[in-house]
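Contents: one structure, followed by commentary.
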Amino acid sequence: MRASKLFFPTQKENPAEAEAASHKLMIRAGLVRQLAAGLYIYLPLGLRVINKVNKIIREEMSAIGAQELSMPVLQPAEIWQESGRYSEIGEEMFRLRDRGGRDMVLGMTHEEIVTWLAAREIRSYRDLPQVWYQIQTKLRDEARPKSGVLRTREFIMKDSYSFDADEEALEKSYQLHIQAYKRIFGRAGVRFYMVESDPGMMGGATAHEFMAPSSAGEDEVALCPACGYAANMELARSQPAQPQFPAAGMKEIETPNARTIEQVSAFLNVTPDLLIKSLLLITDAGPVLAMVRGDQELMESKLARLIGGYRLAEPAEIKEITGAGTGFTGPLKLAIRKVADKGLEEGVYIVGANRNGFHVGGVVPGQDFQAEFADIRRVRQGEKCPHCNASLKLERCIEIGNIFKLGVKYSQPLGASYLDERGKEKPVIMGSYGIGPARVAAAAIEQLADEMGIVWPPAIAPFAAHLVLVQPADSRQAAMAQKLYSELMSSGIEVLLDDRAVSPGVKFAEAELLGCPVRVTVGKRAIAGGAVEVQLRRGGEEYKFEAGVAAREIIGLLKTLEGEAECESASEESS
RNA sequence: CGGGGCGUGGCGCAGCUUGGUAGCGCGCUUGCUUUGGGAGCAAGAGGCCGGCGGUUCAAAUCCGCCCGCCCCGACCA
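Below is the structure:
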């Protein structure tokens, strides 16, 4: 491709609305343009990158026997009513009506549709297993689109769906996907972790996420550097250090005006980990008291899995339910549902007395009050791994892929069943597996970019080589560049030839901004010395190759680069 | 949905407090020069100041409503 013909509107300055590095650079390098909140146009360079990612995905999906198909984005609401998600999912789903007045939706995912298909076409155990996948547009009316291409309302997604006869076979499909995903992200050149995750609205028991470490990410994961334990914070576990507890034996303590954990601990001159933080919450089923240790925080998603949706009680409600003002809430003599963090099962604590100006010391949970004990606290950096006692590390990540064991969540309501060897009808056991190609590209930018611009992993770069023709008007330079260009192209190397009549500074700066793995310079030095200069975008290493062998050398260099750039799973790297 | 910020040529911004001629840098066009790190000189083009309404002799500027975009939080297959 000649730069003089390529549409790649670059910008020197960062766009005002961009925050994330990938967002700024994708706009500056002319990869994307924003149409509206969460809606992006992919320009030629951006599309090339997405297509590279998709090509890797197709190869690896095909390698595990998955078959590509395509499904409608516009879908009848009926199917979503049958699965139950029409009412479960709120405003996040785009809903509309066709001219005949039928309720329709725009697909945010395709479990329902693919299961509808399976219900009609899979009849026998002989038809199983199947893995079908699609790389298609999905739509979600996101509450808050953000960070450029990382969270959008319309996006391309690879989704695959496995259909198996039983749990054992599902496990096999699941493992195959894990392998494929590791190969895909590895080849794409992004660092990633595979972590345990919350199945959420997808349903099912087991789920994992593939997480690319980046400060631009929205998720946080807990990682054990020793045994490899890795989990999304939504369900990560830990063993916190236990403090020295005082003797048991309840006694009321006067704590005038000491309401917060800090105030009470300062007033009584004890560390916050000897207190219990009691939060009064309101659910549809009435008030719930949630308790965590004074120095810890409630992990709201963990609690929500246990008690459903909730909100904090208003001061008036606290007064009404506990009989005291805010800051003196505690579990004693309170006849409502109580959930205490598992870490509180042992120890002796100070709790609110449900009486203004008082706390109660020497309280033994499980003895002085009853509660459901469950893991509802937020894991903190440095706490001990639940498996091996090493210190956990917390890291922000971009979710680039996820895999779920769905079981019969969709096959049952939508009637996807088969006849087994004995002629008995059984539900198909399903799994679902997603990858966001745009997130993979953005994660690569986040992880590798420098002050000058993007640094693409070779496998997903829009071009393998960026050939800078310094002075197109000089016929000797033009001829040398043209020859090299043709040689590389005929060997299947994708080259961007910068033949524009702009100053050299612009060409070099833009080559760095675009981030292709190697830059080849043909200028007056190449004419004088007979050798072209080659510089690696990543690391900046420079080479000189004689004009006659330059093409061959560059091809060899690219091959080496691609091999080197393959990322192992980041978690395996550390173990 | 709650909280905050922003909206002025294509991009980045100033002007708004204290109402009166719309400005800067980059980019763009033309010409000449230049050509290994975002070139120089000269001449130009380009803006219903997000929208509607109000106050005023007069509104980018003051007031009200609305819209859009970004950030934090809630939400998130």
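If you number the first sequence the way my numbering does, the last residue is 569 and the count never jumps. By construction, the Cβ of each residue, glycine as well, lies at the ideal position given by its N, Cα and C atoms.
Give me, in chain order, the residues of the same chain whose beta-carbon lies closer than 7 angstroms to that of residue i; leave out the 5 immediate sequence neighbours on both sides.
| i | result |
| --- | --- |
| Glu540 | Gly524 and Ala525 |
| Lys313 | Gly319 |
| Glu161 | Ile423 |
| Glu481 | Ala545 |
| Ala432 | Ile44, Val143, Phe149 and Ile150 |
| Gln5 | Ile21 and Arg22 |
| Glu567 | Caution is warranted here: a pLDDT of 46 is assigned to Glu567, below 50, making its placement in the model unreliable, and the coordinate value is therefore given only provisionally. No residues qualify anywhere along the chain. |
| Pro38 | Leu0, Phe1 and Phe2 |
Measure the CB-CB distance between residue i and residue j and report whether it falls below 7 angstroms.
| i | j | result |
| --- | --- | --- |
| Thr109 | Ser563 | no |
| Glu440 | Ala12 | no |
| Val333 | Ala230 | no |
| Leu478 | Ala545 | yes |
| Glu204 | Tyr168 | The amino acid occupying residue 204 in the given sequence is Phe; Glu does not appear at that position. In this structure, Tyr168 does not lie closer than 7 angstroms to Phe204 by Cβ. |
| Arg531 | Val449 | yes |
| Ser208 | Ala437 | yes |
| Thr277 | Tyr304 | yes |
| Arg390 | Met293 | no |
| Tyr343 | His171 | no |
For residue i, which of the options has the nearest alpha-carbon?
| i | options | result |
| --- | --- | --- |
| Gly84 | Met102, Arg416 and Val543 | Met102 |
| Val148 | Pro193, Phe239 and Val67 | Note on identity: in this sequence residue 148 is Glu, with Val being the wrong assignment. When each option's Cα is compared against that of Glu148, the closest is Val67. |
| Pro9 | Glu311, Gln361, Lys18 and Gly428 | Lys18 |
| Arg91 | Ser81, Glu72, His104 and Gly78 | Glu72 |
| Gln173 | Leu328, Ile51 and Ser272 | Ile51 |
| Gly243 | Phe367, Leu306, Pro359 and Ala182 | Pro359 |
| Gln465 | Lys49, Ala473 and Ala458 | Ala473 |
| Gln238 | Glu212, Glu340 and Ser191 | Glu340 |
| Gly24 | Ala30, Ala31, Gly32 and Leu41 | Leu41 |
| Tyr223 | Val354, Pro380 and Arg79 | Pro380 |
| Leu306 | Gln290, Glu291, Pro325 and Leu273 | Leu273 |
| Gly59 | Ala455, Lys245, Lys387 and Trp126 | Trp126 |
| Leu507 | Glu527, Ala455 and Lys553 | Ala455 |
| Leu111 | Arg96, Arg134 and Ser156 | Ser156 |
| Glu246 | Tyr187, Val345 and Ala206 | Val345 |
| Leu442 | Ala210, Gly395, Phe367 and Val258 | Ala210 |
| Lys132 | Gly321, Ala435, Met65 and His460 | Met65 |
Just how far apart, CA to CA, sit residue i and residue j?
| i | j | result |
| --- | --- | --- |
| Ala235 | Lys336 | 13 angstroms |
| Lys399 | Leu338 | 32 angstroms |
| Leu555 | Pro452 | 7 angstroms |
| Leu217 | Glu228 | 13 angstroms |
| Gly533 | Lys166 | 41 angstroms |
| Met446 | Arg185 | 21 angstroms |
| Gly409 | His104 | 16 angstroms |
| Gln233 | Pro266 | 17 angstroms |
| Gly356 | Ile392 | 44 angstroms |
| Gly401 | Ala365 | 32 angstroms |
| Lys634 | Met87 | No statement about residue 634 is possible, as the shown extent of the chain runs from -5 to 569 and does not include it. |
| Thr254 | Ala201 | 38 angstroms |
| Trp74 | Ser141 | 30 angstroms |
| Glu536 | Gln290 | 52 angstroms |
| Asp153 | Gly430 | 9 angstroms |
| Leu268 | Ala260 | 12 angstroms |
Keeping to the same chain, check which residues put their C-beta closer than 6 angstroms to that of residue i; ignore five residues upstream and five downstream.
| i | result |
| --- | --- |
| Leu382 | The sequence given here places Cys at residue 382; Leu does not occur at that position. Closer than 6 angstroms at the Cβ level, and outside the excluded window around Cys382, lie Ala220 and Cys221. |
| Val282 | Leu275, Ile301 and Arg331 |
| Ser385 | Gly376 |
| Glu54 | Ala174, Arg177 and Ile178 |
| Arg89 | Val99 |
| Ala559 | Gly183, Pro451 and Pro452 |
| Gly32 | Glu136, Pro139, Thr146 and Arg147 |
| Pro407 | Glu76 and Ser77 |
| Pro421 | Val402, Ser405, Gln406 and Ser411 |
Among the residues of its own chain, which have a CB less than 8 angstroms from the CB of residue i, if the five just before and after it don't count?
| i | result |
| --- | --- |
| Ala163 | Leu122, Pro123 and Ile423 |
| Ile549 | Leu482, Ser485 and Ile487 |
| Tyr119 | Ala159, Tyr412, Leu413, Asp414 and Glu415 |
| Glu248 | Gly351 and Phe352 |
| Val462 | Asp492, Pro498, Lys501, Phe502, Ala505, Arg513, Val514, Thr515, Val516 and Gly517 |
| Glu214 | Asn226, Met227, Leu388, Glu389, Arg390 and Cys391 |
Taking the beta carbon of residue i as the centre, do at least 16 other beta carbons fall within 10 Å, making it buried, or is it exposed?
| i | result |
| --- | --- |
| Pro309 | exposed |
| Ala57 | exposed |
| Asn263 | exposed |
| Leu63 | exposed |
| Ala520 | buried |
| Gly557 | exposed |
| Ser469 | exposed |
| Pro250 | exposed |
| Ser(-2) | exposed |
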